[in-house]
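Novice: Here it is, the structure in full.
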Ligand code: ADP
Ligand code: MG
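Numbering (the UniProt record's numbering), first residue to last: 1 to 348.
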């Protein structure tokens, strides 16, 4: 096993703001990222995730605010401080598979070292080491076009880590890959960043990705951070319905608020049937704190082992999702049960 210094920097963002002519972008934002932390920035397209990342990288300048990486102020709008990206000691990977097409895999990975004036022998050794970490040592002499998309993205990750950055910035690095590969690379990214001890900011619009990878998640909407916390915190104590919806399937109630799809049970008139296989959950309409909602089945999808129902509920625009149910024909009237304690009320 190769020994690696633990090098992750603590990052502090104070009042950071970069808006565009139309008023979108990043509104004044405060954020602290701990040394070695894996932080995901989660939110819908256009909410300002990439704007934040580009500011951290030094690819863009803020209108206001400052960024501190370890003890260095890398930008301070007020005092006119701006450290260019190359001097920030960071690694970056973006969504598009942006390797240099005319350079071999090894030359791509070694490139960040070449500009730092490290000896040729060192470059060769560290390039091999980085390629071994992503299990591509055998591909060193190949050209990028000879690699699959997943392999190319692994090369990009090796290139981002080769100079041992103190901060790793990843902007939807898995979006261009198919689902199976995405899941595999997701796990690899997490174990690599832990191994390197590098502070990581991972931008994604995919909640499953953020939930499974992160020490902490920041949820953004329209240029602002709505909430940050551990995945469990966001899931169990979302600040509002928007966050709740972003970290799980959320069924709305007519009077505001809602309930997580997996907390909904079908009250079945067939006493021998249960819509949960192993849990043995019983209908809870006799419990004092349960709520019952009348619904009509609109569609049924077999998910293997169980059915996924979409149901119409009076007073609610969007259909309710009921996973892990028994099959019910479209048009069937159902009573759905939930516990009052599971209801999430919106903050605003
Ligand atoms: P995300 O990465 O979350 O999808 P972005 O940070 O790329 O969102 O963009 C946030 C908002 O800022 C969007 O409304 C986008 O149109 C706008 N924006 C981003 N970059 C520019 C730019 N260079 N010029 C003008 N508007 C921009
Ligand atoms: Mg983006």
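Don't be surprised by glycine CBs; every beta carbon is placed ideally from N, CA and C. The structure presented is a predicted model; accordingly, all values stated were derived computationally and were not measured.
#1: If I follow the unbroken alpha helix (DSSP H) through residue 121, where does it start and stop?
#2: If you reduce the DSSP assignment to three classes, tell me which class residue 385 lands in.
#3: Need the endpoints of the alpha helix (DSSP H) that residue 227 sits in, please.
#4: Identify every residue that forms a DSSP beta bridge with residue 301.
#5: Identify whether residue 349 lies in helix, strand or coil by the three-state DSSP scheme.
#6: Less than 8 angstroms between C-beta atoms, sequence neighbours within five positions excluded: which residues of the same chain meet that for residue 291?
#7: Under a three-way DSSP split, which group does residue 28 fall into?
#8: Whose C-beta lies closer than 7 angstroms to the C-beta of residue 193 among residues of the same chain, with five residues either side of it excluded?
#9: With a floor of 4 residues, list each alpha helix (DSSP H) that falls wholly inside the region 135 to 175, ordered by position along the chain.
#10: Can you give me the start and stop residues for the alpha helix (DSSP H) that residue 190 sits inside?
#11: For the alpha helix (DSSP H) that residue 110 lies in, which residues bound it at each end?
#12: Can you tell me whether residue 247 is buried or exposed? The criterion is at least 16 other CB atoms within 10 Å of its CB, across all chains shown.
#13: What's the C-alpha gap between residue 251 and residue 314?
#14: What's the C-alpha gap between residue 228 and residue 305?
#15: Check whether the Cβ of residue 60 sits closer than 7 angstroms to any heavy atom of ligand 2, and report yes or no.
#16: Does the beta-carbon of residue 171, which I'm using as the reference point, lie nearer than 7 angstroms to any heavy atom of ligand 2?
#17: Below 8 angstroms between beta carbons: does that hold for residue 85 and residue 57?
#18: Kindly identify the DSSP beta-bridge partner or partners of residue 64.
#19: Quick one: what's got a C-beta closer than 8 angstroms to residue 123's C-beta in the same chain, skipping five residues either side?
#20: Count the other C-beta atoms from every protein chain shown that fall within 10 angstroms of the C-beta of residue 32, then say buried if there are 16 or more, exposed otherwise.
#21: For residue 239 and residue 249, what's the separation of their Cα atoms in angstroms?
#22: Quick check: the Cα distance between residue 206 and residue 226, rounded to an integer number of angstroms?
#23: Is any heavy atom in ligand 2 found nearer than 7 angstroms to the beta carbon of residue 35?
#24: So, are the CB atoms of residue 293 and residue 310 less than 8 angstroms apart?
#25: Can the beta-carbon of residue 24 be found closer than 8 angstroms to that of residue 46?
#26: If residue 186 and residue 213 are in contact, beta carbons under 8 angstroms, what's the gap, nearest whole angstrom?
#27: Do the region 170 to 183 and the region 11 to 19 make contact, defined as three or more Cβ pairs closer than 8 angstroms?
#28: Below 7 angstroms, is the gap between the Cβ of residue 116 and the nearest heavy atom of ligand 1?
#29: Nearest CA to the CA of residue 243: which residue from 231, 76, 253?
#30: Pull every residue with its beta-carbon under 5 angstroms away from any heavy atom of ligand 1, and keep them in chain order.
#31: Using 7 angstroms as the cut-off, classify the Cβ of residue 13 as near or not near the heavy atoms of ligand 2, replying yes or no.
#32: Please tell me whether residue 7 and residue 159 are closer than 8 angstroms, where the distance is taken between their beta carbons.
#33: Buried or exposed for residue 140, going by 16 or more other Cβ atoms inside 10 Å?
#34: Once DSSP output is grouped into helix, strand and coil, what is the label at residue 37?
#35: Compute the beta-carbon to beta-carbon distance between residue 312 and residue 323, rounded to the nearest angstrom, for a pair I have assumed lies under 8 angstroms.
#36: Let me check understanding here. Comparing Cα to Cα, which of 126, 18, 104 lies closest to residue 75?
Specialist: So, from the listed chains and residues:
#1: Position 121 of the chain shown, counted from the start, is the residue given in the question as residue 121. Looking at the DSSP string, the run of the alpha helix (DSSP H) that includes residue 121 is 120 to 133.
#2: Since the first residue shown for the chain is 1 and the last is 348, residue 385 is missing from the structure and cannot be characterised.
#3: The residue you call residue 227 lines up with position 227 of the chain shown. Here residue 227 belongs to no alpha helix (DSSP H); instead the beta strand (DSSP E) covers 224 to 229.
#4: As a first step, residue 301 is located in the chain shown; it is residue number 301 there, counting from the start. Answer by DSSP bridge pairing, in chain order: 308.
#5: Residue 349 lies beyond the stretch modelled for the chain, which goes from 1 to 348, so this question has no answer here.
#6: Sequence index remark: in the chain shown, residue 291 carries index 291 (1-based). Cβ neighbours of residue 291 beyond the five flanking positions: 337, 338, 339, 340, 343.
#7: Walking along the chain shown from the start, residue 28 turns up at place 28. Residue state, collapsed to three classes: strand.
#8: As a first step, residue 193 is located in the chain shown; it is residue number 193 there, counting from the start. These residues qualify, in order along the chain: 38, 168, 200.
#9: 149 to 161
#10: Reading the chain shown from its first residue, position 190 is the one you call residue 190. Run containing residue 190: 179 to 196, per the alpha helix (DSSP H) assignment.
#11: By one-based count along the chain shown, residue 110 stands at place 110. 105 to 114 is the span of the alpha helix (DSSP H), which, as asked, contains residue 110.
#12: Counted from its first residue, the chain shown places residue 247 at position 247. Buried, because 16 or more other Cβ atoms sit within 10 Å of the Cβ of residue 247.
#13: Taking the first residue of the chain shown as position 1, residue 251 is located at position 251. Taking the first residue of the chain shown as position 1, residue 314 is located at position 314. Approximately 12 angstroms, taken between the alpha carbons.
#14: One-based indexing of the chain shown puts residue 228 at position 228. One-based indexing of the chain shown puts residue 305 at position 305. Residue 228 and residue 305: Cα-Cα distance of roughly 35 angstroms.
#15: If you number the chain shown from 1, residue 60 lands on position 60. Residue 60 Cβ: outside cutoff for every heavy atom of ligand 2.
#16: Here residue 171 corresponds to residue number 171 of the chain shown, with the count starting at 1. Answer for residue 171: yes, Cβ within range of ligand 2.
#17: The residue given as residue 85 occupies position 85 in the chain shown. The residue given as residue 57 occupies position 57 in the chain shown. A contact, by the Cβ cut-off of 8 angstroms.
#18: For the purposes of this step, residue 64 is taken as residue 64 along the chain shown, with counting starting at 1. Its beta-bridge partners are 17.
#19: Reading the chain shown from its first residue, position 123 is the one you call residue 123. So the qualifying residues of the chain are 110, 113, 114.
#20: As a working mapping, residue 32 is identified with position 32 in the chain shown. Exposed.
#21: As a first step, residue 239 is located in the chain shown; it is residue number 239 there, counting from the start. As a first step, residue 249 is located in the chain shown; it is residue number 249 there, counting from the start. Computed Cα separation, rounded: 15 angstroms.
#22: As a working mapping, residue 206 is identified with position 206 in the chain shown. As a working mapping, residue 226 is identified with position 226 in the chain shown. About 16 angstroms.
#23: In the chain shown, the residue the question calls residue 35 occupies position 35. Incorrect: residue 35 has no Cβ contact closer than 7 angstroms to ligand 2.
#24: Here residue 293 refers to the residue found at position 293 of the chain shown. Here residue 310 refers to the residue found at position 310 of the chain shown. Not a contact, by the Cβ cut-off of 8 angstroms.
#25: Position 24 of the chain shown holds residue 24. Position 46 of the chain shown holds residue 46. Yes, the pair counts as a contact, with Cβ atoms nearer than the cut-off.
#26: Your numbering for residue 186 matches position 186 in the chain shown. Your numbering for residue 213 matches position 213 in the chain shown. Going by Cβ atoms, the distance from residue 186 to residue 213 rounds to 6 angstroms, so yes, they are a contact pair.
#27: no
#28: On the chain shown, residue 116 is found 116 positions in, with the first residue counted as 1. Not under cutoff, so the answer is no.
#29: Along the chain shown, one-based indexing puts residue 243 at 243. It is 231 whose Cα lies nearest to the Cα of residue 243.
#30: 20, 24, 25, 45, 46, 47, 48, 49, 50, 51
#31: For the purposes of this step, residue 13 is taken as the residue at position 13 of the chain shown. No, the beta carbon of residue 13 sits no closer than 7 angstroms to any heavy atom of ligand 2.
#32: Numbered from 1 along the chain shown, position 7 holds the residue referred to as residue 7. Numbered from 1 along the chain shown, position 159 holds the residue referred to as residue 159. Contact: no.
#33: In the chain shown, counting from the first residue as 1, residue 140 sits at position 140. Burial call: buried.
#34: Position 37 of the chain shown holds residue 37. In this structure, residue 37 counts as coil in the three-state DSSP scheme.
#35: For the purposes of this step, residue 312 is identified with residue 312 of the chain shown, where counting begins at 1. For the purposes of this step, residue 323 is identified with residue 323 of the chain shown, where counting begins at 1. Contact flag wrong, Cβ pair sits at about 17 angstroms.
#36: Locating residue 75 in the chain shown gives position 75, counting from the first residue. The option with the nearest alpha carbon to residue 75 is 18.
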